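A short write-up of the structure that comes next.
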Amino acid sequence: MKLVILGGPGAGKGTQGKQLCSHLNIPWISTGEIFRGAIAAQTNLGLQSAPFVEKGELVPDTIAIELIRERLTQPDAQSGWLLDGYPRTAFQAEELDFLLDDLGQRLDWAIWIDVPVSVLMSRSLERSRADDRPEIVRRRIDLFHQRTIPITEYYEPRQRLLRIDGDRPPESIARGLLETLGC
Ligand code: AMP
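Below is the structure:
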């Protein structure tokens, strides 16, 4: 199955995404994790993305799109995957469709984990990553409103959006997800 998981910072995308991947036996591909790993290892990608990731800004599209192209052509991504953190904008969602056309693949579902902003804010502040300082969290939530919420308008008319209530215990979200996906 080919999936993207969408939602604000602290919506539970990582937790739900990883569980779903082990259930479906597909790779979990998190652009945020790849950027953080590259920054720690000081690779070229890390040096290019660090100034943006550290401020909670979006890494330029050219870098993010190229990263996804490279990752989706790896052998382990040929029969399914779940993208976490990509797409981040409606533009990236469209770019993903272009890329999948090129690769002869098709997205099955975009899962939207719906969580009120007040809950996103408090959950993000409970985490302790370097990019989770209050002003950075606020910036990421602003960007989520401006850039990520419009993705629903891309997937909804294409009948590929699955909305899941994310304001409940993780086990209940996970059960709801498996039921909705029918697996
Ligand atoms: P995340 O772990 O998904 O919250 O991502 C952490 C950071 O990585 C974000 O705040 C951005 O700086 C960067 N990032 C992750 N995914 C993308 C993307 N698709 N486009 C641009 N920047 C991204």
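Each step along the sequence shown adds one to the number in full-length UniProt numbering, with nothing skipped, and position 64 is 64. For glycine and all other residues, C-beta sits at the position ideal for the given N, C-alpha and C. This one's a predicted model, so the numbers in the text were calculated from it and none came from an experiment.
Measure the alpha-carbon distance for W109 versus S122 and round it to whole angstroms.
On the sequence shown, residue 109 is found 109 positions in, with the first residue counted as 1. On the sequence shown, residue 122 is found 122 positions in, with the first residue counted as 1. Taking the straight line joining both Cα atoms gives about 28 Å.
Is any heavy atom of the ligand AMP found at a distance shorter than 7 Å from the C-beta of T31?
Position 31 of the sequence shown, counted from the first residue, corresponds to residue 31. Answer for T31: yes, Cβ within range of the ligand AMP.
Cα-Cα separation, G32 to S118
Along the sequence shown, read from residue 1 onward, the residue named residue 32 stands at position 32. Along the sequence shown, read from residue 1 onward, the residue named residue 118 stands at position 118. It is roughly 22 Å from the alpha-carbon of G32 to the alpha-carbon of S118.
Of the residues L99, G14 and I5, which one's Cα is nearest the Cα of S124?
Residue 124 sits at position 124 when you count from the first residue of the sequence shown. Closest by alpha carbon: G14.
Based on DSSP bridge pairs, tell me the residues matched to L3.
Walking along the sequence shown from the start, residue 3 turns up at place 3. Bridge pairing for L3: L82 and W109 [DSSP].
Should the stretch 40-60 be called in touch with the stretch 74-82, which here means at least 3 C-beta pairs below 8 Å?
No: fewer than three Cβ pairs fall under 8 Å.
V117: beta carbon under 7 Å from a heavy atom of the ligand AMP?
One-based indexing of the sequence shown puts residue 117 at position 117. False, no ligand heavy atom lies under 7 Å from that Cβ.
Nearest-angstrom beta carbon gap, L120 and G17 [assumed within contact, 8 Å]
As a working note, residue 17 is residue 17 in the sequence shown. As a working note, residue 120 is residue 120 in the sequence shown. Contact between G17 and L120 does not hold, since their C-beta atoms are separated by about 16 Å, which reaches or exceeds 8 Å.
Flag this pair as yes or no: are the beta carbons of Q42 and A64 separated by less than 8 Å?
Numbered from 1 along the sequence shown, position 42 holds the residue referred to as residue 42. Numbered from 1 along the sequence shown, position 64 holds the residue referred to as residue 64. Here Q42 is not near A64, since their CB atoms are 8 Å or more apart.
Between which two residues does the beta strand (DSSP E) containing I29 stretch?
Taking the first residue of the sequence shown as position 1, residue 29 is located at position 29. Here the beta strand (DSSP E) through I29 covers W28 to S30.
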